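With my numbering as the guide, the letters of the sequence shown map in order to residues 33 to 461. I have placed the structure first, in the form of structure tokens, so that the comments after it can refer back to it.
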Amino acid sequence: MSRRVVVAVGALAFFALGTHSDSLGTHSDSSVQPNTAIAEAEYDVVTEATITGPPAKMARAAVHGPVAVSPDGFIIGADISTLRKVEDHGGRFFDKDGLERDLIATLRDHGVNYIRLKIWKDPVDVGGYNDLPEVVEVAKRATELGLPVLLNFHYSNFWADPGRQNKPTAWKDLSFEELTQAVYAYTAKVITTLRKAGALPSMVQIGNEIQAGMLWPDGKTWGEELGVDHGGFDNLVALLRAGIDGVRNSLEPGDEVKIMLHLADGGDNNLYRWWFDEVIGRGLTDFDVIGVSFYPFWHGSLADLQRNLNDISQRYGKYVIVVETAYAFTLEDGDGHPNIFGSREEAAGGYPATIEGQAAFLRELTRVVCSVPDGRGLGIFYWEPAWLPVQGAGWRDGEGNAWENMALFDFDGNALPSLAAFKSPCALD
Ligand code: CA
């Protein structure tokens with residue numbers, strides 16, 4: 033999740049959660065120079081023609097390989113990374129008929145066909161949730177219900193977003209070469225563990241909202257002095273490659289796993305062109321999907337999103353997904369901890385904060401993604417539709433929930449009618 037407060041030549045972002053804030057550097061920083069620690073010869077130089085060459089036209093459904101998603105191949109995903117925490121603290125879920133049900137089964141019965149889970153290396157300040165054993169457990173639950181999993185590597189012990197990308201503590205004193213190896217080994221261990229558990233993810237994203245890089249400062253893409261405050265794109269690309277290789281080298285013949293790179297600010301085409309030109313220009317092309325966060329009260333209009341998705345899917349020959357989105361169904365607060373979405377966000381978002389407004393936004397959003405040419409708009413993931421305001425399941429230890437009015441369940445866990453917006457999303461194509 034990323035909250036973009038000011039959009040200017042220099043990207044300025046603030047933490048989405050809590051009261052902290054932190055500024056970001058510019059994404060048009062002409063001072064960025066190649067890092068001499070990484071030999072240029074390691075990279076294949078691609079030409080502009082490589083970047084802009086026409087993509088092969090493929091049906092949307094073909095991307096999923098052996099995974100059955102939906103007849104038209106459109107992903108309706110849900111990020112339920114807080115589920116175990118909510119369950120452990122008393123959260124219960126009820127379907128549209130008022131029957132208590134397993135959350136994942138309820139989502140599936142309402143049309144959700146993909147589950148997204150984040151993983152933190154050694155979680156701190158969050159009750160230990162979202163570590164590898166928990167991810168294995170929830171991924172198995174989803175897999176056993178027939179739902180494929182998108183695994184989201186934060187490469188951190190805590191929230192990673194455009195305003196913070198802190199290294200796991202265990203890695204903070206490593207040299208860059210050692211850090212690169214650690215990313216590879218950790219990624220491979222996670223994928224191998226999931227594979228052995230029968231819960232191999234069908235899609236993996238390397239980093240979360242990484243327009244400012246990841247694993248700071250080594251993989252940071254901006255700063256005052258290259259090599260001191262940030263490692264620049266050469267380092268970031270090396271770290272991304274380590275993660276991608278860690279996935280690919282853990283697979284067996286017949287396994288199919290799509291790789292995603294994910295930025296926030298889904299309506300900012302300049303940001304996407306800048307970032308992917310830098311990365312692909314360094315020869316990193318071994319990924320399948322570009323993921324974008326799009327919260328309409330922060331990230332521009334749906335028309336902005338449409339233009340960006342249409343452009344980057346064609347320019348880079350990649351699939352695109354809105355991998356995070358949400359909208360409020362009420363302005364009420366369920367737990368006394370202030371919510372992120374208030375009347376200001378309602379005005380900026382353009383839909384009333386009601387169940388009908390939430391459903392209308394979701395219908396319009398899915399139409400945008402369905403409209404991306406050549407079937408390259410793969411789908412959407414709703415961020416934390418089941419984050420109920422139960423005591424003890426806040427965004428960090430000792431704090432409450434800032435998101436419950438953007439769930440797809442009411443504060444008592446009853447499925448909202450807006451979940452029906454997920455049925456046949458591309459039917460109007
Ligand atoms: Ca709240």
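Ideal placement from N, C-alpha and C gives every residue a C-beta, glycine not left out. On a predicted model such as this, the values are computed, not experimentally measured, just so you know.
For residue i versus residue j, is the C-beta distance shorter than 8 angstroms?
i: Gly381; j: Tyr359; result: yes
i: Val118; j: Leu420; result: yes
i: Ala274; j: Val215; result: yes
i: Ala385; j: Pro417; result: no
i: Gln243; j: Leu303; result: yes
i: Gly109; j: Leu182; result: yes
i: Ala192; j: Asn240; result: yes
i: Pro405; j: Asn340; result: no
i: Leu247; j: Tyr187; result: yes
i: Leu206; j: Ala171; result: no
i: Leu334; j: Glu396; result: yes
i: Gly413; j: Tyr146; result: Reading off the sequence, residue 413 comes out as Phe, not Gly. Yes, the Cβ-Cβ distance between Phe413 and Tyr146 is below 8 angstroms.
i: Asp300; j: Gly323; result: no
i: Asn437; j: Glu364; result: yes
i: Gly251; j: Asn267; result: yes
i: Leu394; j: Tyr351; result: no
i: Asp318; j: Ile276; result: yes
i: Thr362; j: Trp415; result: no
i: Phe190; j: Asn198; result: yes
i: Cys458; j: Phe106; result: yes
i: Ile136; j: Arg196; result: no
i: Val355; j: His262; result: no
i: Gly123; j: Ala392; result: no
i: Ser113; j: Pro180; result: no
i: Phe265; j: Gly298; result: no
i: Val422; j: His121; result: yes
Is the beta carbon of residue i within less than 7 angstroms of some heavy atom of ligand 1?
i: Gly369; result: The sequence shown places His at residue 369, not Gly. Yes, the beta carbon of His369 sits closer than 7 angstroms to at least one heavy atom of ligand 1.
i: Pro421; result: yes
i: Leu127; result: Checking the displayed sequence, the identity of residue 127 turns out to be Asp instead of Leu. No - ligand 1 has no heavy atom lying nearer than 7 angstroms to the Cβ of Asp127.
i: Ala434; result: yes
i: Gly445; result: no
i: Gly366; result: yes
I want to see whether chain C comes within less than 8 angstroms of residue i, judged by CB atoms only; does it?
i: Gly323; result: Of the chains in the structure shown, none is chain C; there is only one protein chain.
Could you check how far apart the C-beta atoms of residue i and residue j are, in whole angstroms? I think they sit under 8 angstroms.
i: Asp309; j: Met292; result: With a Cβ gap of about 18 angstroms, Asp309 and Met292 do not count as contacting.
i: Ala452; j: Phe126; result: About 15 angstroms; that fails the 8 angstroms criterion.
i: Ile223; j: Val279; result: 5 angstroms
i: Ile387; j: Ser450; result: 5 angstroms
i: Val289; j: Val236; result: 6 angstroms
i: Ala202; j: Asp154; result: 6 angstroms
i: Leu316; j: Leu272; result: 6 angstroms
i: Phe454; j: Gly143; result: 4 angstroms
i: Ala231; j: Thr175; result: 5 angstroms
i: Gly389; j: Phe443; result: Their Cβ separation, rounded to whole angstroms, is 18 angstroms, which puts Gly389 and Phe443 out of contact at 8 angstroms.
i: Arg428; j: Val158; result: 6 angstroms
Those runs of the beta strand (DSSP E) which lie wholly inside the stretch 230 to 254 and span at least 3 residues
Qualifying beta strand (DSSP E) stretches, in chain order: 235 to 238.
I'd like the ranges of any alpha helix (DSSP H) spanning at least 4 consecutive residues and lying wholly in the stretch 364 to 402.
Secondary structure in the stretch 364 to 402: the alpha helix (DSSP H) runs of 4 residues or longer, each lying completely within the stretch, are 375 to 381 and 387 to 402 in chain order.
Ranges of the beta strand (DSSP E) found wholly within the stretch 309 to 333, counting only runs of at least 3:
For the stretch 309 to 333, the continuous beta strand (DSSP E) assignments of 3+ residues that do not extend past its boundaries occur at 321 to 325, in sequence order.
Please list the segments of the alpha helix (DSSP H) lying wholly inside the stretch 186 to 223, counting only runs of 4 or more residues, in order along the chain.
DSSP runs (the alpha helix (DSSP H)) wholly in the stretch 186 to 223: none.
Give the list of continuous beta strand (DSSP E) stretches no shorter than 3 residues that lie fully inside the stretch 395 to 443.
Correct list: 409 to 415.
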